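Quick note, the sequences are listed as chains Y and L, same order. Reading the first sequence from the start, the letters are residues 1 to 512 in our numbering. Reading the second sequence from the start, the letters are residues 513 to 822 in our numbering. Where is the CB? At the ideal position from N, CA and C, for every residue including glycine. Note that this is a predicted model, so its numbers are computed, not measured.
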Amino acid sequence: MTRQTLLALEGISKSYPGVKANENVGFTIGAGEVHALLGENGAGKSTLVKMIYGLVRPDEGQMTLGGAPFAPAAPREARARGVAMVFQHFSLFDALNVAENVALGMDNPPPQRELAAKIRDVSEGYGLPLDPARLVGDLSAGERQRVEIIRCLLQDPKLLIMDEPTSVLTPQEVNILFDTLRKLASEGTSILYISHKLEEIRTLCDGATILRRGKVVGSCNPREKTARELAELMVGTTLTPPERAKIETGEVALEIKGLSVRSLNPFGTSLKDISLSVRKGEVLGIGGVAGNGQDELLLALSGELRSAPAAITVLGQPVGQLGPNDRRRVGLLTGPEERLGHAAAPDMSLLENAFLTGAVRRRLVRNGFIDWLETKIFAEDIIKTFDVRTPGVLTAARALSGGNLQKFVIGREIMQEPAVIIVNQPTWGVDAAAAAFIRQALLDRAAAGAAVVVISQDIDEILEVADRFAALNEGRLSAPVPTKGLTVDRIGLMLGGAHGMHSAEGHDHATA
Amino acid sequence: MDFTSLNFVVLIAALMVASVPIMLAAIGELVVERAGVLNLGVEGMMIIGAVCGFIAAVETGSPFLGFLGGAVGGAVLSLIFAVLTQTLLANQVATGLALTLFGLGLSSLLGQNYVGMKPPVTGKVPFGPLADLPVVGPILFGHDWVVYFSILIIAIVWWALKATRLGLILRAVGENHDAAHSLGYNVRRIRLGAIMFGGAMAGMGGAYVSLVRVPQWTDGITAGAGWIALAIVVFASWRPWRVMLGSYLFGGITVLQLNMQAAGSAIPVQYLSMAPYLITILVLVIMSSGKGRAALNAPASLGQNFHATR
């Protein structure tokens, strides 16, 4: 099938101080084509699409859109030419309602009442029902994404850019999204689909351009390639999946009984009656769509949120009333999702950051003074063992790349030999090699006799590392099931975060 | 104590006048905070407005130009805050506090030669026979133009935030500056505009103190009114009409304590004078302890600096 070319890029380059984000990138997208932009984190995908959307200007190279030169200086110009974008981190406003959010993304929005009617029409036409008057802060991740998509669709785009749209969706929600995208493509809208999830690209996309370190390393029809071939093109090396030694699980190391905690955030999710137990040597995976209580669960376990003493016990000792340092003393360590600002203090050096959580267990305080010598040995140990690429221990945490900093903060906890370690999104935004390394380190810690809890929105990650799986949905935890023999569909149903999905599915069946 | 000497019609008319400075300053600060900026320099901008307004009025003989001068003075001072926090990304709390200290010092210097002078009188708006009506006359038709202007500003801000595109963009910037930026809005420019509006309103409020309320120039003339205005914004949970309500409440307490002093209350004068400030502290404690509604309504990006990365 030959298509008319809609967008063509030629020789696009963009540098930032110290980094070449894009170098001589070129590809074309046909009208009605679903084209994948494939690459690891940091491969330059985001910078490239920001140039197409007018947020960033290229240093060199030309773009043509519909045959005419295209060089948007601002998103407004790109929108005027028919380019729309759904962002990876939602560009939504919690305290505003759906219609107001949509209006903010349009250049000449109609009056609110007309707009509300339009939103209803379009959203139902594409099987994505939405109530224009609802506050966005109250919506689920899937519904929030619908707001973004509807905002784009109302402008009749020729090209729709989607930046990692499925990272926050359940498998069922992904299917609904793909149906919508296929319908759009059949109506002639081109879609530029950015992802590093290979199976998705193989099912959805007609063509793919693969980026590595800012350069195009290949283009192909993803349907003709296996996921493994695509992965190797993307990473550039062969990947080894983490290995797990068969180990006997021991006695219960972490026990949670009827834990209920109120969220500190008005739009957050409170935990409701959570119970679980993890044995020594076992890895429990907790899945869930973003915003279903993952952050609160981590806070409650780390000691940043307190609970009744007996609600959490570690090695038989009640710790619910204790703060983070006292819990560390008992052997419970945590690694939160947000690297900069929660796991690590951005402007402090790695040395100081090593001290911040390591002080108690590594005895880095002598008579009220910091033992910098011991701290330095500890920090250098982490850097060596976890292969953290940094000029030295005095480098600020902020200066490290995501993958390197994540290796450092996870390494810092594991090197303290915890009896129980809980991590939230341990490989979020981390390149494939570092992710594999971190997962292996967690498995090794379990093999050494620790109880490990991995909270993650990445189902593949959980299936890879966990022995048992439990789903977190609106602050409630399902009963854990063994991961062996668990299918993605079954997990999707367990996650159950598909709020309002039934109506959408029903609609699909009706139109099908 | 003799309560019969308190005339409630006079009391209400007086509280409307007494609350004008804090109402203007608070509605300005409301706009600033809805744009996501916390400017704690309200007191400094008010007192600069008070001295600039006083000087302008005395030199030109026109009270109207006096108020204009006050607004310009406050806006210019707020520009320092805007450059420091929006361009140089200085800490907003520290910069705001410094702005207050700077404003207090500078106003004292500027006003040295004006101590003891009398400013031109700001006359009442002539409503003719309407002003002679019983009860309604003194309350509704017996004021100078700034009183009506302050109510008009509340209405305009309310309408602009609720129904105009500019208001929607302003709220969006205060709610999530990163998202607003990625949609192509100029966060810095919108915040700059909001900060200068806040400065102008605070300056005008300050000018009302030195031109109408007192009316003369002395050092420290605003006496903490800027802090009360800041408290009122929180008390009003960032809603314009509640700012008016809050200002009348605080204005009312001020007038009442003056009247009680005059009526020979048994309560020592010091306690009465501290009442508005005590209640400010009390309101802030109550509002910030109830995590629910007050916290929910605060702009999510309030006090955070915006820096466009990549």
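7 Å CB neighbourhood of residue i in its chain, flanking five on each side removed
i: residue 509 of chain Y; result: Interpretation of residue 509 of chain Y is limited by its pLDDT of 38, a score under 50 that renders its predicted location unreliable; no figure is taken from the coordinates.
i: residue 514 of chain Y; result: Residue 514 of chain Y is absent from the model: chain Y starts at 1 and stops at 512.
Euclidean distance between Cα positions of residue i and residue j
i: residue 608 of chain L; j: residue 632 of chain L; result: 32 Å
i: residue 108 of chain Y; j: residue 119 of chain Y; result: 15 Å
i: residue 486 of chain Y; j: residue 495 of chain Y; result: 13 Å
i: residue 693 of chain L; j: residue 699 of chain L; result: 6 Å
i: residue 657 of chain L; j: residue 135 of chain Y; result: 40 Å
i: residue 194 of chain Y; j: residue 371 of chain Y; result: 47 Å
i: residue 771 of chain L; j: residue 75 of chain Y; result: 60 Å
i: residue 69 of chain Y; j: residue 81 of chain Y; result: 11 Å
i: residue 174 of chain Y; j: residue 761 of chain L; result: 54 Å
i: residue 569 of chain L; j: residue 817 of chain L; result: 37 Å
i: residue 5 of chain Y; j: residue 206 of chain Y; result: 14 Å
i: residue 649 of chain L; j: residue 581 of chain L; result: 31 Å
i: residue 47 of chain Y; j: residue 22 of chain Y; result: 8 Å
i: residue 597 of chain L; j: residue 605 of chain L; result: 10 Å
i: residue 675 of chain L; j: residue 722 of chain L; result: 35 Å
i: residue 256 of chain Y; j: residue 449 of chain Y; result: 19 Å
i: residue 669 of chain L; j: residue 535 of chain L; result: 12 Å
i: residue 501 of chain Y; j: residue 322 of chain Y; result: Caution applies to residue 501 of chain Y, whose pLDDT of 38 falls short of 50 and renders its modelled position unreliable; the model cannot decide the point.
i: residue 421 of chain Y; j: residue 747 of chain L; result: 43 Å
Opening and closing residue of the alpha helix (DSSP H) in which residue i lies
i: residue 121 of chain Y; result: 112-125
i: residue 814 of chain L; result: No alpha helix (DSSP H) holds residue 814 of chain L; DSSP gives it neither H nor E.
i: residue 766 of chain L; result: 752-774
i: residue 518 of chain Y; result: In the structure as shown, chain Y begins at 1 and stops at 512. Residue 518 of chain Y is therefore absent and cannot be evaluated.
i: residue 46 of chain Y; result: 45-52
i: residue 183 of chain Y; result: 171-186
i: residue 85 of chain Y; result: Taken as a continuous stretch (DSSP letters only), residue 85 of chain Y belongs to no alpha helix (DSSP H), being part of the beta strand (DSSP E) at 83-86.
Helix, strand or coil at residue i according to DSSP, with G and I counted as helix
i: residue 69 of chain Y; result: strand
i: residue 109 of chain Y; result: coil
i: residue 510 of chain Y; result: Its pLDDT being 36, under 50, residue 510 of chain Y is placed unreliably in this model, and the value from its coordinates should be taken loosely. Residue 510 of chain Y falls in the helix class under three-state DSSP.
i: residue 277 of chain Y; result: strand
i: residue 104 of chain Y; result: helix
i: residue 146 of chain Y; result: helix
i: residue 4 of chain Y; result: coil
i: residue 202 of chain Y; result: helix
i: residue 489 of chain Y; result: helix
i: residue 575 of chain L; result: helix
i: residue 267 of chain Y; result: coil
i: residue 555 of chain L; result: helix
i: residue 645 of chain L; result: coil
i: residue 504 of chain Y; result: Note that residue 504 of chain Y scores a pLDDT of 38, beneath 50, so its modelled location is shaky; the value from the coordinates is reported in the next line. Three-state DSSP puts residue 504 of chain Y in a helix.
i: residue 586 of chain L; result: helix
i: residue 229 of chain Y; result: helix
i: residue 567 of chain L; result: helix
i: residue 636 of chain L; result: strand
i: residue 163 of chain Y; result: strand
i: residue 498 of chain Y; result: Reliability fails at residue 498 of chain Y, whose pLDDT of 40 lies under 50, so the model's placement of it is uncertain and the value that follows must be treated cautiously. Of the three classes helix, strand and coil, the one that applies to residue 498 of chain Y here is coil, per DSSP.
i: residue 740 of chain L; result: helix
i: residue 521 of chain L; result: helix
i: residue 626 of chain L; result: helix
i: residue 424 of chain Y; result: strand
Sequence-distant residues of its chain with Cβ nearer than 6 Å to residue i (five each side left out)
i: residue 763 of chain L; result: 527, 530, 531
i: residue 252 of chain Y; result: 277, 279
i: residue 62 of chain Y; result: 10
i: residue 414 of chain Y; result: 441, 445
i: residue 230 of chain Y; result: 198
Range of the contiguous beta strand (DSSP E) that encloses residue i
i: residue 693 of chain L; result: It is not in any beta strand (DSSP E) - residue 693 of chain L instead sits in the alpha helix (DSSP H) that spans 689-694.
i: residue 209 of chain Y; result: 207-212
i: residue 521 of chain Y; result: What is shown of chain Y runs 1 to 512, which leaves residue 521 of chain Y out entirely.
Cβ-based neighbour list, residue i, same chain, cut-off 8 Å, excluding 5 preceding and 5 following
i: residue 822 of chain L; result: For residue 822 of chain L, the pLDDT reaches just 38, beneath the cut-off of 50, and the residue's location in the model is therefore unreliable, although a value from the coordinates is still provided. Once the five neighbours on either side are set aside, residue 822 of chain L has no close Cβ partner at all.
i: residue 33 of chain Y; result: 3, 6, 185, 190, 191, 206, 207
i: residue 811 of chain L; result: 545, 546, 547, 548, 683, 686, 687, 750
i: residue 819 of chain L; result: 601
i: residue 49 of chain Y; result: 37, 85, 161, 163, 192, 194
Test: residue i CB closer than 8 Å to a CB of chain B
i: residue 696 of chain L; result: In the structure shown, chain B cannot be found, because the protein chains are Y and L.
Notebook entry, point to check: For the region 561-573 of chain L against the region 781-797 of chain L, are there 3 or more C-beta pairs whose distance is under 8 Å?
Noted result: no
Check: For the 8 Å Cβ check, are there 3 or more pairs between the region 344-363 of chain Y and the region 309-319 of chain Y?
Finding: no
Next item on the list: Answer yes if the region 92-101 of chain Y comes into contact with the region 166-180 of chain Y, meaning at least three C-beta pairs across the two stretches below 8 Å, and no otherwise.
Entry: no
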